[in-house]
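*Asks:* Okay, so the sequence shown: first residue is -3 according to my numbering, each after it adds one.
All residues carry an ideal CB built from backbone N, CA and C; glycine is no exception.
Structure incoming, see below.
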Amino acid sequence: MHIDTRRWRSLEDANLTDQLRQFVAAEVDPRAEELDRDDRYPDEIIAMTAARGWNSLTLPHDVGGGASSMSRLLTVFEELSVGSAIVGISLITIFQSQKLIDAFGSASLRQRLLPRYRDGMRAAYALTERAHGSDIRSLDTKAARQANGSWHVRGQKAFITSGSAADLFVVLAETDAGVSVFAVPRETTGLHTEETAEAQTFGLRNGPHVDLHLDCLLPPDALIGEEGRGLKQAMVTLANSRVLAAGISLGIARAAFDAALQYAIGRSAFSSRVIDFQGIQWYFAEAAARIDAARLLTHQAACDLDAGRDIARSSSEAKLFASSVATEVAEMAVQVCGAHGTRTSSPFGRYLRDAKTYEIAGGSSEILKNTIAKSLIGAR
Ligand SMILES: Cc1cc2nc3c(=O)[nH]c(=O)nc-3n(C[C@H](O)[C@H](O)[C@H](O)COP(=O)(O)OP(=O)(O)OC[C@H]3O[C@@H](n4cnc5c(N)ncnc54)[C@H](O)[C@@H]3O)c2cc1C
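Okay, structure coming up:
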């Protein structure tokens, strides 16, 4: 049966939405199960999205970007993630790294690195360490300025998404002035990645998350922005990317909803279609209302970003709500599909695993609630 994708109306540009839906049907859907099963970086898809300008959509024109809005980029993330959240998270680490370089990098760094995103450069964003997850106010990875102005960066990062494929790592390290941010190309002498059993996850599997080992000398302009201002820069970047993370969760929720509805329409029990039981219809009604609410909240956060408003609260609310809606909807989808929902050959386990994992990655729900509460108390 044909799934009516107009169920989720375009909140931005209908032409872009249609283009993305066709791309997902042709290029993402056929690969989604295999990417998750094999824990593989979606290289060929990321090359195709780069060629369409989606990897550099919000970068300025002078570095090959589309100078587009966050609302349009949100549409890209949501629609692609209906096909596979793995594509979404591969793009989010690209976005995070380019946002930092674009907003805070020197002119030479911007000119050297930003045009490469249009050509498909893959990137990772490395904050976490074994001993520092939610709390990155101090770090064990250290950076020391040398007499000639270059930087010696030394330490180890953990759980790095896209790290198996990244051409560029944007890394947080502590200097004498505090947490700072550095751009480290993969080919840098002294950088190597390690796939450890501890970093394997049951969800958001876009290639094994890696440990990143660094003992590198970097040129002076590898420092992104001001020394010691890295925490602030990281917070700004995360506030931006949380809107896109919410978009990925919305994609998962929609995929689970659509697939479960299709199954409930086609499945019979007690001489009736499963979808004709009122108890089952109520599941879908409740889920549709929650997905619609999460979409509006997330769209509002993107509009806030485009309007230059403070988004600490709205982007945190969007990710908090959308990620929990995705988990609820994925769980409901398993339930209404009965045994079919639990089959490893059906996509429902993937939706549930990806949805739950995104309540932790990219800012856990508890940390988001802290941010929301802080903005409420500050605003009193
Ligand atoms: C799939 C996946 C991909 C990831 N990708 C990346 C990546 O690309 N780059 C990167 O740098 N990191 C990455 N991470 C790491 C991720 O950012 C951290 O896992 C996350 O920040 C939480 O840190 P933690 O796991 O150390 O939990 P902890 O910080 O040890 O927290 C444990 C629990 O305590 C809660 N908690 C902690 N502090 C507070 C508080 N102040 N108030 C209330 N509750 C609190 C947490 O919410 C959590 O429930 C990834 C993680 C996952 C699962």
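1) Within 10 Å of its beta-carbon, does residue 193 have 16 or more other beta-carbons around it, so buried, or fewer, so exposed?
2) Taking the alpha carbon of residue 382 as the point to measure from, which residue in 368, 198, 227, 118 has its own alpha carbon closest?
3) Contact defined as beta carbons within less than 8 Å: I believe residue 283 pairs with residue 253. What is the distance between those atoms, to the nearest angstrom?
4) Name the DSSP bridge partner or partners of residue 152?
5) Using 7 Å as the cut-off, classify the Cβ of residue 366 as near or not near the heavy atoms of ligand 1, replying yes or no.
6) At a cut-off of 7 Å, is residue 411 close to ligand 1 when judged by its beta-carbon and the heavy atoms of the ligand?
7) Tell me whether residue 345 sits in a helix, a strand or coil according to DSSP, three-state version.
8) State buried or exposed for residue 42, treating a residue as buried only when at least 16 other CB atoms are found within 10 Å of its CB.
9) Can you give me the Cβ contacts of residue 296 inside the same chain, cut-off strictly under 7 Å, excluding the 5 residues immediately before and after it?
10) Cβ of residue 121 within 7 Å of any heavy atom in ligand 1?
11) Express the C-alpha separation of residue 114 and residue 105 in angstroms, rounding to a whole number.
12) For the pair the stretch 5 to 16 and the stretch 255 to 274, tell me if three or more CB-CB distances fall below 8 Å.
13) Less than 7 Å separating the Cβ of residue 205 from some heavy atom of ligand 1?
14) Is it true that the CB of residue 77 sits closer than 8 Å to the CB of residue 345?
15) Give the single residue among 238, 151, 73 whose Cα lies nearest to the Cα of residue 360.
16) Under 7 Å: does the beta carbon of residue 60 sit that close to some heavy atom of ligand 1?
17) Consider the C-beta atom of residue 235 and the heavy atoms of ligand 1; say whether any pair is separated by less than 7 Å.
*Replies:* So, from the data block:
1) exposed
2) Residue 382 lies beyond the stretch modelled for the chain, which goes from -3 to 376, so this question has no answer here.
3) 6 Å
4) 209
5) yes
6) The chain is shown from -3 up to 376; residue 411 falls before or after that span and cannot be answered.
7) helix
8) buried
9) 310
10) yes
11) 16 Å
12) no
13) yes
14) no
15) 238
16) no
17) no
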